[in-house]
Amino acid sequence: MIVLLTGPPGVGKTTLLKNVAQHVQNHKGGPRVFGFYSAERRDADNKRCAFDMVAFEGSNIGGGGGGSADGSSTSSTGGAAASGRCTLADMEPVPAGERRPAVGKYRVHLTEFEDFTSQHFASFFDAPIAESGNIITLSGKKVFFLDEIGKMELFSKKFVADTKRLLESGCVVLATVSQKGSGFCEEVREWPDAKLITLERANREKTAPVIEKEIVAELLQAVAQAPPEQSSAPAMKKSSEEPYSVAADEPAPKRQRGRWKQKAGHTDLKNTTARS
């Protein structure tokens, strides 16, 4: 299952993704959480000066910018790619002899970004499925959270290749994607059978909690129903834990022409209208 969040910059895509990840990670018997999200870095005058990438694995998801994967704090100047945080882009002068792609006044740290993201994609694809006796446990399943697929990130061909592999893998994924832009961004927004949710500034305080709850329920359900991954063990035993769910009488979304559309009377997730 693939769920995609899009919308204008500042609408709350990253915040929604982080909140969903927090619920999924805290769900008893739930899946392992992998991936990363973007975070602003601010200077002593509280002015934005850079963008960082922060890992979910082992980090404090709800920490408003996160810590390193080992739980230690990260300095205001960023961290090495091997930690839970790296620099995506900043406004620092480019060292002599080095070239960095530019987006406005920001320069993208392409090598550091590629090292960081490829490490976390690899840890997701290489993660073993946990088994207890002959039963594959729900905690052995996994979800990848990706924030974001946007202009800065797409300077990296390695990131594009890893993202394509992720979307083609059949794994459970929640990702944010830029609302504008052609090329790979457009390809992702039109990904077959993906659920595309467009966030809008109007009434977002009311609609965001509803969307958040529904996404959590759907991700957990998708993980629970996913077939065993690279294992010869019998089918997974059903968990007795009730998923984080919406009202019991709420109908399941119906697929229409490769997209998902919520039944009338409920939130229209497709039309509930970036860096967030």
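Quick note: the sequence shown uses our numbering, first residue 0, plus one each step.
Think of the CB as a built atom: it goes at the ideal place given N, C-alpha and C, for glycine as much as any other residue.
Because the structure is a prediction, the values reported are computed rather than measured.
Chain-order list of residues whose beta-carbon lies under 8 angstroms from that of residue i (same chain, five-residue window excluded)
| i | result |
| --- | --- |
| residue 221 | 0, 171 |
| residue 190 | 1, 3, 166 |
| residue 126 | 31, 33, 141 |
| residue 182 | 153 |
| residue 185 | none |
| residue 203 | 10, 11 |
Nearest-angstrom beta carbon gap, residue j and residue i [assumed within contact, 8 angstroms]
| i | j | result |
| --- | --- | --- |
| residue 195 | residue 3 | 5 angstroms |
| residue 53 | residue 28 | Contact doesn't hold; Cβ gap of about 26 angstroms is too wide. |
| residue 158 | residue 152 | 5 angstroms |
| residue 11 | residue 207 | 6 angstroms |
| residue 148 | residue 187 | 5 angstroms |
Spatial neighbours of residue i in its chain, beta-carbon cut-off 6 angstroms, leaving aside the 5 residues before and after
| i | result |
| --- | --- |
| residue 99 | 93, 106, 107 |
| residue 5 | 176, 178, 197 |
| residue 34 | 55, 143, 144, 145 |
| residue 96 | none |
| residue 123 | 33, 143 |
| residue 118 | none |
| residue 217 | none |
Reference residue i; option with closest CA among the options
| i | options | result |
| --- | --- | --- |
| residue 315 | 208, 40, 155, 150 | Residue coverage of the chain in this structure runs from 0 to 275, which leaves residue 315 outside it and unanswerable. |
| residue 41 | 155, 49, 35 | 49 |
| residue 47 | 89, 203, 167, 223 | 89 |
| residue 39 | 55, 30, 26, 9 | 9 |
| residue 193 | 204, 165, 223, 152 | 165 |
| residue 169 | 95, 140, 188 | 140 |
| residue 121 | 205, 188, 162, 103 | 162 |
| residue 103 | 91, 223, 224, 117 | 91 |
| residue 7 | 199, 156, 211, 97 | 199 |
| residue 51 | 213, 223, 116 | 116 |
Same chain only: Cβ atoms within 7 angstroms of residue i, ignoring 5 sequence neighbours per side
| i | result |
| --- | --- |
| residue 215 | 19, 22, 23, 243 |
| residue 16 | 4, 36, 144, 146, 173, 175 |
| residue 154 | 100, 107, 109 |
| residue 225 | 140, 171 |
| residue 211 | 15, 18, 19 |
| residue 45 | none |
Any beta strand (DSSP E) of 3 or more consecutive residues that is wholly inside the region 103-173: Along the length of the region 103-173, whole beta strand (DSSP E) runs at least 3 residues long occupy 105-107, 141-148, reported in chain order.
Minimum length 3: unbroken beta strand (DSSP E) runs contained in the region 13-65: 31-41, 47-54
Whole runs of the beta strand (DSSP E) within the region 174-223, excluding any shorter than 3 residues: The qualifying runs are 194-197.
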